[in-house]
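A quick write-up on the structure given underneath.
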Amino acid sequence: AEELVLNLSIAEAAGLSKVCDAYCTCTLQLEGPGPQPRMMMSPRGGAATQQVTKTETARRTDVPKWKSGVGRYTVKSPAPASACFEVCLLANRLLGKEVLGRATVELVELLAEHRTDRWYSLKDKRNADAGSVRLLTALDGHSPRDGNPKASVDMSPSLQNSGQGMGATRDVLAPEGPATPVLPPSGAKKMGMTNTGRPNRGARTGQLWRS
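No gaps in the numbering here: position 72 of the sequence shown is 72 in full-length UniProt numbering, and each next residue is one more.
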């Protein structure tokens, strides 16, 4: 079997019904869809059967864009027919988290193309439309038999949101979200920096701007 490395970026979401503090997870499940896991390991410290990529929280928005939701997965090709990614969009609330919507993406679909840039429709617990999320993927790797070095794939945040670093191929499966980046409110101060330009160690890492 051929061993491949799949690079995945959770870039943004659109079509949310309300403003919230949103984040997204993407879980590789080799045995098919199931409950959202914390992390499950195979016996005796073997490789994980479920791997999770999680974004930071985008504050007070209905068009969240993320920078940290980048994952790297080593998989076998051909992949098991049951293997899939479960995408879950969530909101932080005062009393915990709320699941806004879910989507399932077959691993075979992503391995069929070297690069993908797609929007996936989300469904809530009532199976109603809950917006859409944009995922970008790129493959690098080689067969254990050929000995060629693995290619490097640029997944830097500056290219994630534009899609330029993932190739020109684009297959829009759901309405595209706003292309204009979300700007900080007037008079906003960037978290994590003091007036002298030095890092503020007391700042929360998940919050990018404050009024």
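Every residue gets a Cβ at the ideal spot worked out from N, C-alpha and C, and that includes glycine.
Here the structure is a predicted model, which is why all the values come from computation and not from measurement.
Cα-Cα separation, residue i to residue j
i      : j      : result
Val5   : Leu110 : 11 Å
Val19  : Thr61  : 5 Å
Val133 : Ser9   : 11 Å
Ser121 : Ala103 : 7 Å
Leu16  : Val63  : 7 Å
Gly71  : Gly101 : 20 Å
Thr116 : Leu136 : 6 Å
Leu28  : Leu139 : 15 Å
Asn7   : Tyr73  : 6 Å
Lys65  : Leu90  : 13 Å
Glu98  : Ala112 : 33 Å
Val119 : Gly69  : The question names Val, yet the displayed sequence has Trp at residue 119. Each residue's Cα considered, the two are about 15 Å apart.
Ala81  : Asp21  : 35 Å
Arg59  : Asp124 : 21 Å
Lys67  : Val75  : 24 Å
Thr55  : Tyr23  : 6 Å
Ala11  : Arg126 : 25 Å
His114 : Leu94  : 41 Å
Beta-carbon gap between residue i and residue j smaller than 7 Å
i      : j      : result
Val25  : Cys88  : The displayed chain sequence assigns Thr, not Val, to residue 25. In contact: Thr25 and Cys88 (Cβ atoms closer than 7 Å).
Arg131 : Ala13  : Rather than Arg, the amino acid found at residue 131 in this sequence is Gly. Yes.
Asn92  : Thr53  : no
Ser77  : Glu31  : no
Glu86  : Pro33  : yes
Ala128 : Val108 : no
Bridge partners - residue i, DSSP secondary structure assignment
i           : result
Val70       : Ser9
residue 230 : Since the first and last residues shown for the chain are 1 and 211, residue 230 lies out of range.
Ala58       : Ala22
Gly96       : Arg93
Val52       : Thr27
Gly32       : Answer by DSSP bridge pairing: none, since Gly32 is not bridged.
Lys65       : Glu12
Ala103      : Val87
Arg126      : None; Arg126 has no bridge partner.
Ala138      : Asn7, Arg115
Endpoints, alpha helix (DSSP H) assigned at residue i
i      : result
Leu107 : 107-111
Run of the beta strand (DSSP E) containing residue i, from where it starts to where it stops
i     : result
Asn92 : 84-93
Ala81 : Note, Ala81: premise wrong, no beta strand (DSSP E); not H, not E.
Contact test: residue i Cβ vs the ligand NAP heavy atom, cutoff 6 Å
i     : result
Val99 : The ligand NAP is absent from the structure shown, which contains no ligands of any kind.
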